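Under the working numbering, the residues of the sequence shown are numbered 4 to 435, in order.
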Amino acid sequence: MNLKRCATATALILLFLAPALAQSPVRADASRMESRIKALSQFGLNANGGSDRVAFSEHDKQGREYIIGLMKNAGLEVRIDAAANIIGRRKGRFDDRKPIVFGSHIDTVPNGGAYDGCVGVIGALEVIELLNENKITTDGPLEVIVFTDEEGGLTGSRAFVGDLGTEAQTVVNNSGKTIAEGIRFLGGDPGRIAEAARKEGDIKAYLELHIEQGGVLESKGLNIGVVEGIVGIEWWEVTIEGFANHAGTTPMKGRRDAVLAGARFALMVNEVVNSLGGAQVGTVGKFVAEPGAPNVIPGKVTLSLELRDLSAERIFRMYNMIEKRAIVIADETGTEINFRHLDVSAIPALTDEGFKSAIEASAKELGLTYQRMPSGAGHDAQDVAKIGPIGMIFVPSRGGISHAPAEFTSAEDMANGASVLLRTILAIDGKE
Ligand SMILES: [Zn+2]
C-alpha cells in the first residue's frame, strides 16, 4: 500500500472510531466506595482507629454478613462454599462458559487497617454495581469472591485450589479457633473441603484489586500498579562460629569475633542485592549473638537470610554470590560460616501477560498513570495461579503503611482501581 492511501485509510478509521472514543468511559463511584469501606471498618473498629477483624472472629462474621447483604442487593446469587469462601455469581449471556473470578479478603491482622483486602472486595462489588447501572451483560459468568482467612495463611484460596489438607486445618489462628472450627463457624463444612476446590482450567481468569502496601506508587505519583507477579521467598539460617573469650585481656589482633563477621555479612548481603538492577530484596532480619555479655567477645551468631524475587533462578543466583563472599568474610575474621536452607519457601507466581496488557490499556484509556511492579507481599492470587491465569491491580498506599491503623488509600485511588478492574474484566470477557 502506498503512503498516501495508508494515510487516507487511517483517517477513515479514526473518523469511525471518534464517536466511540468521545464517549467517556464508565468510572467507579468514589463516594460509594468510600462509604462502604467506612461501613465495613466499623466491624472490629478498636480504640486506635484500627480494625480488629481477625478471621473466624465475631467481627469477621459480622463484616461478612454486611458484604453478603451488598452482594444480594446487587442481584448476585450468593453461596458459601465448603471452605466458607463467599461467592456471588452474576449470570453471563453464555452461562456455561468458565467464570471470570475477582475479589479479595475482608479479614485483617490484629489491629490492622481498613483497606488491605477490603478495597479488592468493595472494588469487585463496585464493578457489579457499574455493570448493573449500565445494563451490561457479560458473555461469560462473573464470580465475586471473598476468600476466607487470608491473613492466617491463605486458608480460603488454598482450599479453592485443593491445597488445604486436614493437618493445616488443625492450626489455631488468632481467633483461638482451629482453621476447621473457624470454617464451620462461618458456615463452611471442613468435612467436605474438597468440594471447594476448582481444577486447572475451571476459571477463565482471577483478578484482584489490592492496595500496594508499599510506597512506590505514591512516591512516583502514579495511579496504578500493574502487578507482574507475587515474589518467591527463600529463607536460610546462617550460623557464624567464632571464639568466645575475655573482652578485656584478648588483644584486638587475632580475635575471632562472630558479631564482627555477622555485621560484615549483613552489609555484604545488602551490597549483593543492590548490585543487580531490579526489584529484588534481601534482608537479614534476625541476629542473635552468644553468649551476649558486654565483657565477652561473641563466639557465635545465628542470623536469618531472606531473599525475594519474581524469579527463583535469580534468588539462587544472589544466594550463590552471597555464599561466595561469605567465605572471604569467614577467612578474614577467623570464623566459620554455615548456611541451612529452610523449608518455608514460596515459589513466585507470575501474572498473565495478556492481563497485564489489558490492565495497562484500561489505565491508559482512563487517563491514568501506571507502572509494572512486583508484589513483595503474599496474596490469595498466588494460590489461584496454580489453577488459572491471574492478574493484579495495585492502588497507592499512603506512606507505604499497611497492617496498621494508619493504612490509607484515598477514595479517588480506590475508584481508579475499580474503574481499571471493570475495563479489564470487559476486555478479558470479550476475548475467546
Ligand atoms: Zn491483603
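Ideal Cβ positions, reconstructed from N, Cα and C, are used throughout, including at glycine.
Please read these numbers as outputs of a predicted model, since none were measured by experiment.
Q.
According to DSSP, is residue 170 part of a helix, a strand, or is it coil?
A. coil
Q) With which residues is residue 208 paired in a DSSP beta bridge? A) 103
Q. Between which two residues does the beta strand (DSSP E) containing residue 390 stretch?
A. Element bounds for residue 390: n/a, residue is neither H nor E.
Q: Can you grab the Cα-Cα spacing for the pair residue 369 / residue 181, in whole Å?
A: 45 Å
Q) In whole angstroms, what is the alpha-carbon distance linking residue 364 and residue 142? A) 20 Å
Q. Using the C-alpha atoms, what's the distance from residue 77 back to residue 114?
A. 30 Å
**Q.** Identified DSSP bridge partners for residue 249
**A.** 299
Q. Which residue's Cα is closest to the Cα of residue 305: 48, 56, 277 and 243?
A. 243
Q | Whole-angstrom distance between residue 321 and residue 350, CA atom to CA atom | A | 16 Å
Q: Kindly indicate the opening and closing residues of the beta strand (DSSP E) around residue 375.
A: 373 to 378
Q: For residue 165, verify whether its CB is less than 6 Å away from any heavy atom of ligand 1.
A: no
Q | Nonlocal neighbours in the same chain, by C-beta distance under 6 Å from residue 3, ignoring five residues either side | A | In the structure displayed, the chain extends from 4 to 435; residue 3 sits before or after that span and is not available.
Q: Between the Cα of residue 352 and those of 395, 326, 328 and 126, spot the shortest distance and give me the residue it belongs to.
A: 395
Q: Within its chain, find whatever has a CB closer than 7 Å to the CB of residue 200; leave out the 5 residues flanking it on each side and keep chain order.
A: 162, 163, 164 and 165
(Q) Considering only the alpha carbon of each residue, which of 146, 271, 372 and 381 lies closest to residue 327? (A) 271
(Q) Beta-carbon within less than 6 Å of residue 374's beta-carbon, same chain only, minus the 5 sequence neighbours each way: which residues are those? (A) 225
**Q.** residue 123: first and last residue of the uninterrupted alpha helix (DSSP H) it sits in
**A.** 121 to 136
Q: Out of 354, 57 and 50, point me to the one whose CA is closest to residue 108's CA.
A: 57
(Q) residue 92 and residue 154 - do their beta-carbons sit closer together than 7 Å? (A) no
Q.
Is residue 95 near ligand 1 - that is, is its Cβ less than 6 Å away from at least one heavy atom of it?
A. no
Q) From residue 410 to residue 119, what distance separates their C-alpha atoms? A) 8 Å
Q. Using a Cβ-Cβ cut-off of 8 Å (strictly less than) and excluding sequence neighbours within five positions of residue 253, which residues of its own chain qualify?
A. 300
Q: Give me the Cα-Cα distance between residue 48 and residue 55, rounded to the nearest whole angstrom.
A: 6 Å
Q. Within the chosen definition, does the region 330 to 344 reach the region 175 to 193 through at least 3 CB pairs nearer than 8 Å?
A. no
**Q.** heavy atom of ligand 1 below 6 Å from residue 119 C-beta
**A.** yes
Q | Contiguous alpha helix (DSSP H) assignments of at least 4 residues, all confined to the region 208 to 236 | A | 219 to 223
Q: Please go through the region 318 to 361 and give each complete beta strand (DSSP E) segment of 3 or more residues, from N-terminal end onward.
A: 339 to 344
Q) Looking at the unbroken alpha helix (DSSP H) that takes in residue 262, where does it start and where does it end? A) 261 to 278
Q. When we look at the beta-carbon of residue 298 and count the other beta-carbons within 10 Å, is it buried (16 or more) or exposed?
A. exposed
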